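S.K.:
Residue numbers (my numbering), protein chains in the order written: chain A, 36 to 495; chain B, 6 to 496.
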């Protein structure tokens with residue numbers, strides 16, 4: 036069990052985190068016709084917007100209540116009301132997802148009360164538009180928590196409550212924020228190949244997959260429909276992916292009685308086997324031949340790839356569930372997790388990370404812990420540490436702003452695990468150093484410390 | 006907050022700003038920040054503006070006193086370049102947690118953070134930025150900075166520009182105020198000379214100031230301080246000993262230029278390094294100011310010789326693009342066209358300007374636009390995303406030059422686009438920069454993707470083809486059909 040080391044520094048150096056409201060907006064962006072709205076000063080929105088755009092290379096719908104000094108002192112309910120009405124009139128969204136920020140939460144505003152009043156006062160004007168609130172102060176949590184709070188808010192605010200007649204083929208899927216567009220697309224195909232009908236919330240594969248629409252749309256185009264969110268209660272089964280999705284899955288269970296199964300990760304042979312077995316047993320269908328084929332390909336990739344993984348020291352910095360996903364992947368192929376850094380101590384998954392300890396911290400921590408590692412694994416902001424340490428960086432997570440196509444990288448199920456093995460093995464092969472007499476000199480090697488020969492991982 | 010509001014008032018009363026002078030007393034009192042419409046606002050906050058101006062100072066540790074978002078969502082995101090120190094790209098924030106806020110530990114955490122940075126990185130200075138939340142809870146960053154300066158023996162500079170104070174532009178001005186109050190004039194240079202100048206408002210984006218600096222070197226002019234691009238703390242601290250200054254990005258730092266003239270008698274002019282004639286004019290103005298302040302007048306002639314040489318080379322290079330770019334229509338959609346000589350140079354080689362935004366332009370700017378473009382129907386205040394998309398998708402322009410904000414409107418309308426704002430990848434300053442800009446326009450317009458991406462899918466184009474199987478025909482005929490389908494659609 037990994038020890039969780041809390042942050043003791045006062046100055047965070049090179050933040051690993053992106054903020055919680057950004058995570059919430061990200062989830063709202065997975066809904067069709069959505070417009071996320073930050074309740075705070077315009078800078079909060081501007082920074083998040085720029086970061087989204089740098090990552091997705093897309094126009095991102097995101098608006099602000101534009102709180103100024105007066106609103107900060109006297110209260111910002113008017114700004115919230117004006118923003119919601121303006122958005123409704125100008126962009127006619129099906130969903131306005133309000134994400135609070137540190138500014139409004141530090142003031143202690145009753146945003147839920149404000150929104151209830153606004154809905155009451157403007158029932159007719161707001162007809163056809165859901166307004167949902169996620170309380171997401173920046174001083175707490177990070178992307179994962181913001182994402183989970185937004186999904187929970189949508190379920191609690193939109194999904195029709197009560198036990199409903201269940202559709203035997205309908206599966207509700209709640210993917211975590213570490214799944215890419217490609218992951219979601221691939222998962223849908225997999226589920227459909229069993230004759231099941233998945234409803235995915237949020238579905239970024241419909242909205243953030245980079246397409247060219249034939250007209251200008253101010254909101255998201257594509258993603259989960261509001262109607263599908265309303266009807267989630269008719270699903271036979273809910274599948275949540277990532278520990279952070281337990282809360283929305285529980286909310287759905289509480290509201291509609293739809294039972295859930297939670298997968299902490301869908302990367303790796305065994306986790307995929309469990310997932311596929313579940314689909315098979317829900318649907319009563321045999322595992323299709325092409326899925327079996329993918330499994331065999333993964334087996335082969337593991338056989339071919341494991342030479343490159345064994346004994347390698349990997350330094351990972353990621354949000355808790357993604358850290359778990361990647362650390363178990365690397366450990367499962369014989370690598371050692373030399374450094375594990377994450378954003379928040381709130382997640383139950385952290386103690387399961389196959390590392391001696393997990394540091395709550397930033398990329399400054401990663402940089403000092405990763406000395407001597409063979410590979411850095413984090414988002415694009417790890418590039419400076421990678422340059423200074425001269426260790427290759429595998430870019431993963433959010434934000435990835437200096438490489439194209441991060442959303443189309445697959446990392447789950449048989450095929451994604453296979454691709455991931457190839458990617459890592461290729462990074463190692465591209466950076467291989469030919470042996471030199473000096474490096475191999477047995478006498479010289481005895482004089483320097485024996486850091487290279489690390490003990491095998493405990494528990495293996 | 007009272008000192009902050011006094012600063013803001015002061016920042017909005019700018020005698021050197023034409024737009025400001027054109028207002029009556031009441032309008033001037035209201036300042037130049039327009040009030041924002043909730044739900045329909047765009048752009049950064051005052052903190053953003055302050056950080057933009059100061060962060061390119063390369064050897065300073067920039068510490069943001071805030072919960073995560075202010076720094077965590079925004080660091081390492083600009084294209085300024087350093088020729089040496091890298092500390093400015095390391096991000097520091099107090100990352101305040103709920104507990105810090107509830108327990109009122111903000112100031113103490115800030116002080117400790119300063120100490121950690123001093124011990125680990127030993128920078129010449131630490132800039133401490135206040136933000137919305139730390140302003141709201143009343144953390145006194147000025148007092149903390151004062152104490153830290155005394156205790157640690159290095160400059161700890163408070164930057165009091167919380168986001169809620171206003172716009173990005175206001176933040177630019179507040180950053181300038183902080184430099185005037187705490188930095189400039191605090192170090193006496195041991196080598197002042199008659200050819201020392203300051204460049205204000207040059208950010209060295211994509212290293213573009215390095216396209217200009219060799220020209221100044223050739224003339225024997227020394228850049229005492231370029232604020233902020235590729236600057237060192239000591240350069241800025243001793244900037245008050247320069248003999249003349251050039252103001253590059255006028256809205257951002259005009260108050261800095263004016264106040265440096267008042268305090269230290271450093272004359273300045275507003276100029277631009279974008280475009281050929283503006284670059285030449287900037288060099289001329291610089292040496293004239295230096296001569297006025299006592300430099301040897303022989304420099305004037307050397308400058309003219311250099312200008313003549315460089316202009317000739319640049320025009321010759323540009324001429325080679327005329328054939329390819331003649332008659333191409335450019336839409337300029339940027340805050341305010343910073344240099345009319347860019348437009349002039351584009352028109353000189355036969356490019357047509359089909360529209361320009363005048364949102365941030367002054368009255369005089371607008372007059373110049375009318376003269377240059379012959380009539381004013383090409384001017385627009387600002388264009389809604391939908392209208393812009395319509396204009397571009399109807400091919401009423403061959404390329405849009407703008408900032409990242411409207412990038413995807415152009416790209417989704419399948420129209421060539423070139424970034425001319427802060428995230429751009431290419432240096433456009435000086436003579437070579439102008440040639441580079443034209444080269445990039447050429448590359449963008451003539452990229453072979455445009456004809457491909459504008460092509461509808463063949464099955465949407467001639468439905469009667471769908472039934473026919475390609476294997477029933479010979480390959481050439483099939484390809485010919487595809488081609489015919491393409492041209493038919495274009496007509």
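C-beta: ideal position from N, C-alpha, C; glycine also.
All values derive from a computational prediction rather than experimental measurement.
1) Where do the N-terminal and C-terminal ends of the alpha helix (DSSP H) with residue 114 of chain A fall, by residue?
2) To be precise: take each residue of the segment 141-172 of chain B, compare its Cβ to all Cβ atoms of chain A, and keep it if any distance is under 9 angstroms. Which residues remain?
3) Residues of chain B with CB under 9 angstroms from residue 419 of chain A, in chain order?
4) Mind checking whether residue 457 of chain A and residue 72 of chain B have CB atoms under 8 angstroms apart?
5) Kindly list, in the order they appear in chain B, the residues whose Cβ is closer than 9 angstroms to that of residue 118 of chain A.
6) For residue 328 of chain A, count neighbouring Cβ atoms within 10 angstroms of its own Cβ and tell me buried if that reaches 16, exposed if not.
7) I'd like the list of long-range same chain contacts for residue 442 of chain B, defined as Cβ closer than 6 angstroms, with 5 residues on each side in sequence excluded.
8) Would you decide whether residue 93 of chain B is buried or exposed? Buried here means 16 or more other CB atoms lie within 10 Å of its CB.
9) How would you write the range of the alpha helix (DSSP H) that residue 174 of chain B sits in, first residue to last?
10) Can you tell me which residues form a DSSP beta bridge with residue 171 of chain A?
11) From the DSSP output, which residues share a beta bridge with residue 132 of chain A?
12) Can you look up residue 407 of chain B in the DSSP assignment and give me helix, strand or coil?
13) Evaluate contact between the segment 79-95 of chain A and the segment 404-424 of chain B, counting only Cβ atoms and requiring at least three cross-stretch pairs below 8 angstroms.
14) Output, in chain order, the set of chain A residues within a Cβ distance shorter than 7 angstroms of residue 106 of chain B.
15) Assuming residue 100 of chain A and residue 118 of chain A form a contact by the criterion Cβ under 8 angstroms, report the distance between their Cβ atoms to the nearest whole angstrom.
16) Please report whether the beta-carbon of residue 82 of chain A lies at a distance below 8 angstroms from any beta-carbon of chain B.
17) Nearest-angstrom Cα distance between residue 302 of chain A and residue 209 of chain A?
18) Given this structure, state the Cα-to-Cα distance separating residue 178 of chain A from residue 308 of chain B, to the nearest angstrom.
19) On a CA-only basis, which of B:186, B:187, B:123 is nearest residue 156 of chain B? Give me that one, please.
20) Would you kindly work out how many angstroms separate the C-alpha atoms of residue 386 of chain B and residue 363 of chain B, rounded to a whole number?
21) Since residue 344 of chain A and residue 361 of chain A are thought to touch, with beta carbons under 8 angstroms apart, how far apart are those beta carbons, to the nearest angstrom?
22) How about residue 316 of chain B and residue 281 of chain B: do their beta carbons lie closer than 8 angstroms?
23) Could you give the residue range of the alpha helix (DSSP H) that holds residue 160 of chain B?
24) Tell me the DSSP secondary structure of residue 232 of chain A in three-state form.
25) Whose C-beta lies closer than 8 angstroms to the C-beta of residue 554 of chain A among residues of the same chain, with five residues either side of it excluded?
26) Quick check on residue 218 of chain B: buried or exposed, where buried means 16 or more other Cβ atoms within 10 Å of its Cβ?
27) Which stretch, first to last residue, makes up the beta strand (DSSP E) that contains residue 273 of chain A?
28) Using the three-state DSSP reduction, which class does residue 68 of chain B fall into: helix, strand or coil?
29) Select from A:220, A:217, A:237, A:199 the residue whose C-alpha is nearest the C-alpha of residue 189 of chain A.
30) Helix, strand or coil: which one does DSSP assign to residue 431 of chain B?
31) Suppose contacts are defined by Cβ-Cβ distances below 8 angstroms. Is residue 282 of chain A in contact with residue 183 of chain A by that definition?
32) If you measure from the beta carbon of residue 132 of chain B to each beta carbon in chain A, is any gap under 8 angstroms?
33) Along the segment 222-233 of chain A, where does the CB come closer than 7 angstroms to a CB of chain B? Name the residues.
34) Could you tell me whether the segment 51-61 of chain B touches the segment 155-169 of chain B, where touching means 3 or more Cβ pairs closer than 8 angstroms?
35) Excluding the 5 residues flanking residue 299 of chain B on each side, which residues of the same chain have their C-beta closer than 6 angstroms to its C-beta?
36) Since I believe residue 377 of chain B is in contact with residue 357 of chain B (beta carbons under 8 angstroms), could you give me their beta-carbon distance rounded to a whole number of angstroms?
M.R.: Walking through what the data contain:
1) To locate residue 114 of chain A, count along the first chain from 1; it is residue 79. Note, residue 114 of chain A: alpha helix (DSSP H), 112-126.
2) 141, 142, 167, 168, 169, 170, 171, 172
3) Start at 1 with the first residue of the first chain, and residue 419 of chain A comes out as number 384. Correct list: 81, 91, 94, 95.
4) Counted from its first residue, the first chain places residue 457 of chain A at position 422. Counted from its first residue, the second chain places residue 72 of chain B at position 67. Not in contact: residue 457 of chain A and residue 72 of chain B (Cβ atoms no closer than 8 angstroms).
5) On the first chain, position 83 is the one that residue 118 of chain A refers to. Here the neighbours are 42, 43, 44, 45, 46.
6) Taking the first chain and counting its residues from 1, one reaches residue 328 of chain A at position 293. Residue 328 of chain A is exposed by the Cβ-count criterion.
7) Along the second chain, one-based indexing puts residue 442 of chain B at 437. Result list for residue 442 of chain B: 433, in chain order.
8) As a first step, residue 93 of chain B must be located in the second chain, where it is residue number 88. Its Cβ being crowded by 16 or more others within 10 Å, residue 93 of chain B is buried.
9) In the second chain, the residue the question calls residue 174 of chain B occupies position 169. Here the alpha helix (DSSP H) through residue 174 of chain B covers 173-187.
10) Residue mapping note: residue 171 of chain A aligns to position 136 of the first chain, counting from 1. None, per the DSSP bridge assignment.
11) Walking along the first chain from the start, residue 132 of chain A turns up at place 97. According to DSSP, residue 132 of chain A bridges with A:71, A:167.
12) Within the second chain, numbered from 1, the residue matching residue 407 of chain B stands at position 402. DSSP places residue 407 of chain B in strand when its eight states are reduced to three.
13) yes
14) Numbered from its first residue, the second chain carries residue 106 of chain B at position 101. Those are 141, 174, listed as they occur along chain A.
15) Stepping through the first chain from its first residue, residue 100 of chain A is reached at position 65. Stepping through the first chain from its first residue, residue 118 of chain A is reached at position 83. With 8 angstroms as the limit, residue 100 of chain A and residue 118 of chain A qualify as a contact, their Cβ atoms being about 4 angstroms apart.
16) On the first chain, residue 82 of chain A is found 47 positions in, with the first residue counted as 1. Closer than 8 angstroms to some Cβ of chain B, the Cβ of residue 82 of chain A qualifies, so yes.
17) On the first chain, residue 302 of chain A is found 267 positions in, with the first residue counted as 1. On the first chain, residue 209 of chain A is found 174 positions in, with the first residue counted as 1. For residue 302 of chain A and residue 209 of chain A, the distance between alpha carbons rounds to 16 angstroms.
18) Within the first chain, the letter at position 143 stands for residue 178 of chain A. Within the second chain, the letter at position 303 stands for residue 308 of chain B. Cα-Cα distance, rounded: 56 angstroms.
19) The residue given as residue 156 of chain B occupies position 151 in the second chain. If we check each option's Cα against that of residue 156 of chain B, B:123 comes out closest.
20) Mapped onto the second chain, residue 386 of chain B falls at position 381. Mapped onto the second chain, residue 363 of chain B falls at position 358. C-alpha separation (whole angstroms): 5 angstroms.
21) Position 309 of the first chain holds residue 344 of chain A. Position 326 of the first chain holds residue 361 of chain A. So it is not a contact: roughly 12 angstroms between Cβ atoms.
22) Within the second chain, the letter at position 311 stands for residue 316 of chain B. Within the second chain, the letter at position 276 stands for residue 281 of chain B. Closer than 8 angstroms, so yes.
23) As a working mapping, residue 160 of chain B is identified with position 155 in the second chain. Per DSSP, residue 160 of chain B belongs to no alpha helix (DSSP H); it is in the beta strand (DSSP E), 160-164.
24) Within the first chain, numbered from 1, the residue matching residue 232 of chain A stands at position 197. In the structure shown, residue 232 of chain A sits in a strand (DSSP, three-state: E or B).
25) Nothing in the structure corresponds to residue 554 of chain A, since chain A is present only between 36 and 495.
26) Stepping through the second chain from its first residue, residue 218 of chain B is reached at position 213. Residue 218 of chain B is buried by the Cβ-count criterion.
27) Along the first chain, read from residue 1 onward, the residue named residue 273 of chain A stands at position 238. Note, residue 273 of chain A: beta strand (DSSP E), 270-276.
28) Locating residue 68 of chain B in the second chain gives position 63, where the first residue counts as 1. Residue 68 of chain B: strand per DSSP, three-state reduction.
29) Reading the first chain from its first residue, position 154 is the one you call residue 189 of chain A. Answer by Cα proximity: A:237.
30) Locating residue 431 of chain B in the second chain gives position 426, counting from the first residue. Coil at residue 431 of chain B, not helix or strand.
31) Numbered from its first residue, the first chain carries residue 282 of chain A at position 247. Numbered from its first residue, the first chain carries residue 183 of chain A at position 148. Taking 8 angstroms as the Cβ cut-off, residue 282 of chain A and residue 183 of chain A qualify as a contacting pair.
32) Looking up residue 132 of chain B in the second chain gives position 127. Not an interface residue.
33) none
34) yes
35) As a first step, residue 299 of chain B must be located in the second chain, where it is residue number 294. 199, listed in sequence order.
36) On the second chain, residue 357 of chain B is found 352 positions in, with the first residue counted as 1. On the second chain, residue 377 of chain B is found 372 positions in, with the first residue counted as 1. So it is not a contact: roughly 12 angstroms between Cβ atoms.
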